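To start, the structure under review is shown below, and the notes come after it.
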Amino acid sequence: MHYFIDGYNLMFRVLRVGDNLALQREKIIEDLHTKIAALNLNVTLVFDAQYQLGETSRTHYKQLEIIFSSTGETADEFIISELKIRKSPFQCTVVTSDKKLAWLSRLQAAKTETVEEFIGWLNKRYANRGRRRILPRLQLEKKQITPPKKVPTEPLPAVQAEDCFSYYLNAFQKNLEKLIAENPSKRKKASLKKDKQIQEEQIRLESDYSRWERLFNERLKEDQKE
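Taking our numbering, the leading residue of the sequence shown gets 1, the next gets one more, and so forth.
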């Protein structure tokens, strides 16, 4: 992340009334550099050249980059022009409490923070830098996984077609006997129906025999009369 700081906007938020402006600027730059160097941050501090005639340059104070915009160009205009030429403006944060500059920066896909938010975050992170401890890496204990034992399987015995037929025949016979045992009324009805049919057949046979016997006797009597 690269931070563009609106220099005079920062100074007007932290300077004390009555002190020399140039002296306060140097103190702010020194304090800012100390903290960003300790935290390894990429910061560009931009000032308006119109307030400091003759200082129109790009310089470095150790790790801190300091830029004075060219004559006739404001710090706001310089920051926006820098965002426009960057390939990844979303990896930049503009630090300003100027709402117009913040709005124009967000139009270029950059992030924004107020001066108060940035100073509070910077001081807190700088104060906590010595409390960081490198924790030992936790390594999961590798458990040795034993493969399951292979159980020998016996081959299935060969089955003949005759054995299969006998098996299903016996099963059918057992199911039939079970069905008959569970339904005795059906078996009884079937037996009564069969007996009735036999009786009817006997009656029919007897009727036919009696009729033929009667006809035979009548014919015999007629022959005797002649």
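Cβ coordinates follow ideal geometry from the N, Cα and C atoms, glycine included.
As the structure is a prediction and not an experimental result, all values here were calculated from the model.
| Hey, would you say residue 104 sits closer than 8 Å to residue 80, going by beta carbons? | Going by C-beta atoms, residue 104 is nearer than 8 Å to residue 80.
| request: Go ahead and pull the three-state DSSP assignment for residue 64. | output: DSSP, read as helix, strand or coil, puts residue 64 in strand.
| said: Based on DSSP bridge pairs, tell me the residues matched to residue 45. | reply: According to DSSP, residue 45 bridges with 5, 66.
| Do the segment 112-129 and the segment 18-38 touch if we need at least three Cβ pairs shorter than 8 Å? | With a cut-off of 8 Å, the segment 18-38 and the segment 112-129 count as touching, because enough Cβ pairs lie within range.
| field | Top-ranked residue by Cα proximity to residue 75, from 198, 86, 43, 8 | value | It is 8 whose Cα lies nearest to the Cα of residue 75.
| query | Could you check where the beta strand (DSSP E) with residue 111 kicks off and where it finishes? | reply | Residue 111 -> beta strand (DSSP E) spans 111-113.
| query | Start and end of the beta strand (DSSP E) containing residue 34? | reply | First-last for residue 34: 21-39, but that is the alpha helix (DSSP H), not the beta strand (DSSP E).
| task | Just mark residue 69 as buried or exposed, buried being the case when its beta carbon has 16 or more other beta carbons within 10 Å. | result | By the neighbour-count rule (16 or more Cβ atoms within 10 Å), residue 69 is buried.
| query | Per DSSP, what kind of secondary structure is residue 94 in: helix, strand or coil? | reply | Of the three classes helix, strand and coil, the one that applies to residue 94 here is strand, per DSSP.
| query | Would residue 23 be called buried (16 or more neighbouring beta carbons within 10 Å of its own) or exposed? | reply | Counting Cβ neighbours within 10 Å, residue 23 comes out exposed, since fewer than 16 surround it.
| request: Tell whether a beta-carbon distance below 8 Å holds between residue 109 and residue 94. | output: Taking 8 Å as the Cβ cut-off, residue 109 and residue 94 do not qualify as a contacting pair.
| message | Cutting at 7 Å between CB atoms, please list the residues of its own chain near residue 102, excluding the five before and the five after it. | response | 94, 96, 112, listed in sequence order.
| message | Nearest by alpha-carbon distance to residue 11: which of 83, 174, 26, 65 is it? | response | That would be 26, whose Cα lies nearest to the Cα of residue 11.
| query | Looking at the C-beta of residue 104, does it have a partner C-beta in chain D at a distance below 8 Å? | reply | You won't find chain D in this structure, because it holds only one protein chain.
| task | Would you grab the beta carbon distance between residue 1 and residue 91 for me? Rounded to a whole angstrom, and I think it's under 8 Å. | result | With a Cβ gap of about 6 Å, residue 1 and residue 91 count as contacting.
| request: Run the CB neighbour count on residue 49, radius 10 Å, all protein chains shown included, and call it buried at 16 or more, exposed below. | output: With 16 or more Cβ atoms within 10 Å of its Cβ, residue 49 is classed as buried.
| said: Are there any heavy atoms of the ligand SAH lying less than 7 Å away from the beta-carbon of residue 80, as far as the coordinates show? | reply: Looking at this structure, you won't find the ligand SAH or any other ligand, since it has none at all.
| field | Cβ neighbour criterion (16 or more within 10 Å) applied to residue 14 | value | Exposed, because fewer than 16 other Cβ atoms sit within 10 Å of the Cβ of residue 14.
| field | Buried or exposed (CB count within 10 angstroms, at least 16 for buried), residue 151 | value | Counting Cβ neighbours within 10 Å, residue 151 comes out exposed, since fewer than 16 surround it.
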